[in-house]
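In UniProt numbering, the protein residues as written are 1 to 361.
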């Protein structure tokens with residue numbers, strides 16, 4: 001009997017219930033959720049909880065409603081730890097990682113969860129990777145596009161100083177998620193009209209892709225598979241400019257790898273969260289359909305959520321792409337299933353089958 005097609009969401013988020021968040025997180029202003037579950041908060045910052053599926057049981061109901069078999073849960077962007085004191089940062093990240101580990105262990109058929117480290121402290125980051133992989137059984141490393149180092153300088157995640165992190169990712173056959181945040185802390189513009197989420201986050205992804213490929217990490221670390229959030233959207237339209245820049249000013253790129261070498265590489269993935277079929281078509285034309293995986297970014301309002309105003313629902317962009325003959329049925333099924341599994345486990349066929357067995361129960 002033929003196995004049914006799975007629907008795996010490769011980009012999801014989950015909030016702890018207010019009572020699950022340790023007191024020190026609120027007392028130190030690091031992160032908390034109000035008791036009415038209406039807002040997520042940090043010191044001098046708050047954001048509305050726009051959908052009940054931010055929380056576990058409501059998320060499970062939402063997944064059931066939209067026939068989503070499994071979700072890859074990333075860390076919360078608010079918990080990258082930038083600007084925190086070292087001990088506070090370690091405690092906050094450990095809380096996030098242990099929360100995600102617990103969710104994965106309690107609901108193995110429903111969730112694969114990621115863990116996060118702070119690259120500003122490479123040795124501590126490596127210890128946390130070892131702990132999360134060996135003790136918690138996790139296989140997805142979540143990293144920010146940019147981070148603050150120990151002297152307060154903002155750096156790209158694919159800085160050569162972070163190679164010990166990538167060496168461990170390679171050793172452990174990890175999937176890596178690259179996600180933007182904190183742009184307003186280092187881009188000197190007033191935070192109005194949601195510009196950092198609508199424009200600068202996509203530029204942050206393009207910047208990280210720029211340095212991953214210039215350093216040739218997709219080849220140097222063949223067991224590390226990197227996925228860029230939000231389709232690496234500006235990276236797609238920017239390819240020609242990067243290629244011309246590399247060819248036109250080789251003096252600026254001594255010892256670096258040509259951008260063309262990374263296009264369509266089997267170890268570089270992008271999610272579908274680009275919001276329109278024109279962008280999705282460009283992504284697929286550039287990178288090939290095998291490098292594209294389903295990403296809903298639920299339950300954030302910029303995710304592919306149900307919306308009457310936009311006549312939207314989870315999976316709509318792939319349905320539209322089918323209608324417009326950008327993809328066919330096999331492509332759609334691969335984006336929902338095989339490509340997500342390939343990103344998570346690479347060529348480890350045993351691990352792939354274990355994941356499928358977990359999902360099917």
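Backbone N, C-alpha and C fix where the C-beta goes; we use that ideal spot for every residue, glycine too.
Residue(s) in a DSSP beta bridge with residue i
i           : result
residue 70  : 8
residue 271 : 293
residue 33  : 40
residue 156 : 146
residue 141 : 115 and 176
residue 126 : Paired residues: none, contrary to the question.
residue 225 : 175
From the options, residue whose alpha carbon lies closest to that of residue i
i           : options               : result
residue 88  : 64, 30 and 117        : 30
residue 22  : 99, 48 and 78         : 99
residue 85  : 112, 148, 127 and 57  : 148
residue 69  : 227, 107 and 273      : 107
residue 20  : 13, 33 and 10         : 33
residue 93  : 288, 190, 76 and 272  : 76
residue 120 : 102, 134 and 83       : 83
residue 8   : 334, 219 and 349      : 334
residue 73  : 81, 67, 56 and 66     : 56
residue 177 : 151, 159, 208 and 38  : 208
residue 162 : 197, 153, 310 and 125 : 125
residue 291 : 309, 343, 256 and 189 : 343
residue 381 : 301, 273 and 115      : Examination of residue 381 is not possible in this model, given that the chain is present from 1 through 361 alone.
residue 279 : 234, 352, 188 and 78  : 234
Collapsed DSSP secondary structure at residue i in the structure displayed
i           : result
residue 336 : helix
residue 250 : helix
residue 45  : strand
residue 51  : coil
residue 193 : coil
residue 298 : strand
residue 312 : strand
residue 307 : strand
residue 276 : coil
residue 94  : helix
residue 324 : coil
residue 240 : helix
residue 217 : helix
residue 65  : helix
residue 3   : coil
residue 85  : coil
residue 75  : coil
residue 285 : helix
residue 135 : coil
residue 209 : helix
residue 344 : helix
residue 59  : helix
Euclidean distance between Cα positions of residue i and residue j
i           : j           : result
residue 199 : residue 181 : 12 Å
residue 118 : residue 326 : 39 Å
residue 250 : residue 243 : 11 Å
residue 210 : residue 222 : 18 Å
residue 43  : residue 27  : 9 Å
residue 319 : residue 287 : 20 Å
residue 16  : residue 66  : 22 Å
residue 111 : residue 359 : 9 Å
residue 363 : residue 131 : With the chain covering 1 to 361 only, the question about residue 363 has no answer from this structure.
residue 339 : residue 47  : 33 Å
residue 195 : residue 361 : 43 Å
residue 304 : residue 173 : 29 Å
residue 95  : residue 136 : 13 Å
residue 36  : residue 50  : 13 Å
residue 61  : residue 356 : 21 Å
residue 192 : residue 184 : 10 Å
residue 256 : residue 165 : 20 Å
residue 321 : residue 264 : 20 Å
residue 141 : residue 246 : 30 Å
residue 145 : residue 308 : 32 Å
residue 302 : residue 271 : 14 Å
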